[in-house]
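Novice: Using our numbering, read the sequence shown as starting at 3 and increasing by one per residue.
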Amino acid sequence: MFSGTNLPRVGGYNLNVVLSSIQAADGISRVEIAKQTGLTAQTVSVIVRRLIEQGIVKEDGSSPSSGGKPRTTLRINPRAAYAIGIHFDPIEVSVVVVDMMGQELAQSRHGISPRLEPEALIAEAAEVAHKRLAELDIPDDRVLGVGAACPGPIDQSQGLVISPPRRDCWTEVPIKRLLEHHTGFDVIVDNDANAAAIGERWSGHGRTVSDFAFLYMGTGIGGAMFLSNHIYRGVSLNAGEFGHIVVEPNGTPCYCGNRGCLEAMCSPAAIVRNVRAELALGRASSLVHLYDEDPELVDHTAICLAAVDNDQVARRVIDRVAEYLADCAVIIANALDVELLVIGGKGVIHVADIYAEKVTEFLQSRPLARKTHTLRVAISDMANNGAALGAASLVLHAAYAPNTADLVGV
Ligand SMILES: [Zn+2]
3 MFSGTNLPRV GGYNLNVVLS SIQAADGISR VEIAKQTGLT AQTVSVIVRR
53 LIEQGIVKED GSSPSSGGKP RTTLRINPRA AYAIGIHFDP IEVSVVVVDM
103 MGQELAQSRH GISPRLEPEA LIAEAAEVAH KRLAELDIPD DRVLGVGAAC
153 PGPIDQSQGL VISPPRRDCW TEVPIKRLLE HHTGFDVIVD NDANAAAIGE
203 RWSGHGRTVS DFAFLYMGTG IGGAMFLSNH IYRGVSLNAG EFGHIVVEPN
253 GTPCYCGNRG CLEAMCSPAA IVRNVRAELA LGRASSLVHL YDEDPELVDH
303 TAICLAAVDN DQVARRVIDR VAEYLADCAV IIANALDVEL LVIGGKGVIH
353 VADIYAEKVT EFLQSRPLAR KTHTLRVAIS DMANNGAALG AASLVLHAAY
403 APNTADLVGV
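Next up, the structure:
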């Protein structure tokens, strides 16, 4: 359940259940909706008429049915509403505009100067968002709101970024209030991993799944739990910190106070540090010429490309990371018993297949529930800007997903 937002909700619980089944399907009839949702044909018919009148759903041809008359196919009208997503990563800001189906219509991305104050950065992002809307000819009254994704921990109810790693000047920044002031839209804030998971639910691998976990590899490593159709947020709204699961007792110290956390062992910064340490020892590698020119040139991207090219040093480090990820995936599987694990974030670009293969191997042989069902592994198709797209989906999800609070009139 989302708290701390005044984003408009479109209707009651049943309406959102119907809308959700239309959104998840690639074309669906009224009869199929009734079958899927357990609602009566008459209720579905009344709700669909309302959604069509509001321009949210459209009739789109028909499909033959067994015996009876052809059934009219219903689809979401993607142009019914729009949302803006902004991802404040420690090193760059991404802004996207999406349609009602969560499809990206425009995006911008720019690096962050470490000296830029948070409010100046937020004002700049707001200006970029308005420019993209103007280019797309989207009037403000068709925009549902702005979703902002930030590195955790955050206080979602207050819309505060608390103390993200590597961004000292972002302590206790009232990002919701500042973004609402600078954009003029309602704003919902979440951590980047939760946002990316909602993006998967809205337009990625999680569309038809009620329970999945998301392992997010960005600048740091985070996670999210989408359970019974909702993000599980925990007592302080910061659940899902998979990056701080210990995978190597007595391993590298982590800023959280523990040692050997997934983040300390597998973040892009850790990968770069480990490869440079090997190169400093004089190991043979295709990266040596870069290292000799300037060790800074041996960055995460260069290492991932070298690993895919089977460079021994890079591949060894990436393979070890894959094993740690797989260890963590088994812990997640045993704790949550979900049907899908999505791995995403820009940290998996180029090496996603190496990670997915090892994680799949471990998940097929280690979790206790493996004999009752398989746990699918998927790589997010939104690795490059999943958190920004997910931030926009936060808005769509808050406005349109079935919310049990609607059942009791809260
Ligand atoms: Zn840690």
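For every residue, glycine included, the Cβ atom is placed at its ideal position computed from N, Cα and C.
Keep in mind it's a predicted model, so treat the numbers as computed, not measured.
Using the Cβ count rule (16 or more neighbours within 10 Å means buried), how would you classify Thr303?
Specialist: Here residue 303 is taken as the residue at index 301 of the sequence shown, counted from 1. Thr303 should be labelled exposed.
Novice: So Gln193 is in the beta strand (DSSP E); what residue range does that whole segment cover?
Specialist: Position 191 of the sequence shown holds residue 193. Looking at the sequence itself, residue 193 is Asn, so the reference to Gln does not match. Where Asn193 is concerned, the enclosing beta strand (DSSP E) stretches over 189-193.
Novice: Is Gly113 helix, strand or coil when you go by DSSP?
Specialist: Sequence index remark: in the sequence shown, residue 113 carries index 111 (1-based). DSSP places Gly113 in strand when its eight states are reduced to three.
Novice: Leu377 and Glu325 - do their beta-carbons sit closer together than 8 angstroms?
Specialist: Numbered from its first residue, the sequence shown carries residue 325 at position 323. Numbered from its first residue, the sequence shown carries residue 377 at position 375. Not closer than 8 angstroms, so no.
Novice: Please classify Ile273: does DSSP put it in a helix, a strand, or coil?
Specialist: Here residue 273 refers to the residue found at position 271 of the sequence shown. Helix, per DSSP.
Novice: Do the region 207-220 and the region 328-342 meet, that is, are 3 or more Cβ pairs less than 8 angstroms apart?
Specialist: The region 207-220 is in contact with the region 328-342.
Novice: Report the three-state DSSP secondary structure of Ala407 (helix, strand or coil).
Specialist: Position 405 of the sequence shown holds residue 407. Bear in mind that the predicted position of Ala407 carries a pLDDT of just 49, short of 50, making it unreliable; the figure below should be weighed with that in mind. Correct three-state label for Ala407: helix.
Novice: What are the boundary residues of the alpha helix (DSSP H) that includes Met267?
Specialist: Along the sequence shown, one-based indexing puts residue 267 at 265. Element bounds for Met267: 264-268.
Novice: Can you tell me whether Val258 sits near ligand 1, meaning its C-beta is under 7 angstroms from at least one heavy atom of the ligand?
Specialist: For the purposes of this step, residue 258 is taken as the residue at position 256 of the sequence shown. Reading the sequence as shown, one finds Cys at residue 258 and not Val. For ligand 1, at least one heavy atom lies less than 7 angstroms from the Cβ of Cys258.
Novice: Can you list, in chain order, the residues of its chain with a C-beta nearer than 6 angstroms to that of Arg278? Leave out the 5 residues immediately preceding and following it.
Specialist: To locate residue 278, count along the sequence shown from 1; it is residue 276. For Arg278, where only same-chain residues beyond five positions count, the Cβ hits under 6 angstroms are Pro297, Val300.
Novice: Sort out for me which residues DSSP pairs His399 with in a bridge.
Specialist: As a first step, residue 399 must be located in the sequence shown, where it is residue number 397. His399 is not bridged to any residue.
Novice: With burial defined as no fewer than 16 other Cβ atoms inside 10 Å of the residue's Cβ, what is the status of Leu370: buried or exposed?
Specialist: Here residue 370 is taken as the residue at index 368 of the sequence shown, counted from 1. With fewer than 16 Cβ atoms within 10 Å of its Cβ, Leu370 is classed as exposed.
Novice: Once the 5 residues before and after Leu53 are set aside, which same chain residues still bring their CB inside 6 angstroms of it?
Specialist: Residue numbering aside, residue 53 sits at position 51 when the sequence shown is read from its first letter. Here the set comprises Val59.
Novice: Rounded C-beta distance between Ser288 and Ala309? I'm assuming under 8 angstroms.
Specialist: Counting from one through the sequence shown, the residue named residue 288 turns up at place 286. Counting from one through the sequence shown, the residue named residue 309 turns up at place 307. With a Cβ gap of about 10 angstroms, Ser288 and Ala309 do not count as contacting.
Novice: Compare the beta carbon distance of Ala150 and Val189 with 8 angstroms and say whether it is the shorter of the two.
Specialist: Position 148 of the sequence shown holds residue 150. Position 187 of the sequence shown holds residue 189. The answer is yes: Cβ separation under 8 angstroms.
Novice: Can you tell me the Cα-Cα spacing of Arg372 and Ala331, whole angstroms?
Specialist: Taking the sequence shown and counting its residues from 1, the one referred to as residue 372 is at position 370. Taking the sequence shown and counting its residues from 1, the one referred to as residue 331 is at position 329. Going from the Cα of Arg372 to the Cα of Ala331 covers about 13 angstroms.
Novice: Kindly indicate the opening and closing residues of the beta strand (DSSP E) around Asp62.
Specialist: Locating residue 62 in the sequence shown gives position 60, counting from the first residue. Per DSSP, Asp62 belongs to the beta strand (DSSP E) from 59-65.
Novice: In the DSSP assignment, find the unbroken alpha helix (DSSP H) run with Ala328 in it and report its ends.
Specialist: Residue numbering aside, residue 328 sits at position 326 when the sequence shown is read from its first letter. It spans 314-338 - the alpha helix (DSSP H) in which Ala328 sits, taken as one unbroken run.
Novice: Quick one: any contact between the region 260-276 and the region 219-229, if contact means 3 or more CB pairs under 8 angstroms?
Specialist: Enough Cβ pairs lie closer than 8 angstroms, so yes.
Novice: By a C-beta neighbour count over all protein chains shown, 10 Å radius and 16 as the cutoff for buried, is Val397 buried or exposed?
Specialist: Here the question's residue 397 lines up with position 395 in the sequence shown. Buried, because 16 or more other Cβ atoms sit within 10 Å of the Cβ of Val397.
Novice: Could you check which residue in Gly245, Gly262, Ile247 has the C-alpha nearest to that of Gly253?
Specialist: As a position in the sequence shown, residue 253 is number 251, starting the count at 1. If we check each option's Cα against that of Gly253, Gly262 comes out closest.
Novice: Can you tell me the Cα-Cα spacing of Ala36 and Gln56, whole angstroms?
Specialist: In the sequence shown, residue 36 corresponds to position 34, counting from 1. In the sequence shown, residue 56 corresponds to position 54, counting from 1. Distance between the alpha carbons of Ala36 and Gln56 is about 20 angstroms.
Novice: Should Val410 be labelled buried (16 or more other beta-carbon atoms within 10 Å of its own) or exposed?
Specialist: Your numbering for residue 410 matches position 408 in the sequence shown. Low confidence applies here, because Val410 scores a pLDDT of 44, under 50, leaving its location unreliable and the question unanswered by this model.
Novice: In the structure shown, what three-state DSSP assignment does Gly87 receive?
Specialist: Sequence index remark: in the sequence shown, residue 87 carries index 85 (1-based). In this structure, Gly87 counts as strand in the three-state DSSP scheme.
Novice: The beta strand (DSSP E) spanning Tyr293 covers which residue range?
Specialist: Start at 1 with the first residue of the sequence shown, and residue 293 comes out as number 291. Tyr293 -> not in any beta strand (DSSP E); alpha helix (DSSP H) instead, spanning 290-295.
Novice: I'd like the span of the beta strand (DSSP E) that includes Ser96, first residue to last.
Specialist: Indexing the sequence shown from 1 puts residue 96 at position 94. From DSSP, the beta strand (DSSP E) with Ser96 extends over 94-101.
Novice: Where does Val412 sit, in a helix, a strand or coil, going by DSSP?
Specialist: Along the sequence shown, read from residue 1 onward, the residue named residue 412 stands at position 410. Residue confidence for Val412 is low, a pLDDT of 32 falling below 50, so the modelled location carries little weight; the figure read from the coordinates is stated next. Coil, per DSSP.
Novice: Beta-carbon within less than 7 angstroms of Glu94's beta-carbon, same chain only, minus the 5 sequence neighbours each way: which residues are those?
Specialist: Working through the sequence shown from its first residue, we reach residue 94 at position 92. Answer for Glu94: Arg111, His112, Gly113, Ile114, listed in chain order.
Novice: Is Ala394 helix, strand or coil when you go by DSSP?
Specialist: In the sequence shown, the residue the question calls residue 394 occupies position 392. Ala394: helix per DSSP, three-state reduction.
Novice: Is the beta carbon of Cys417 within less than 7 angstroms of some heavy atom of ligand 1?
Specialist: Residue 417 cannot be examined here, being either before or after the span of the chain that is shown, 3 to 412.
Novice: What three-state label does DSSP hand Cys152 in the structure shown?
Specialist: Translated into positions along the sequence shown, residue 152 becomes position 150. Correct three-state label for Cys152: strand.
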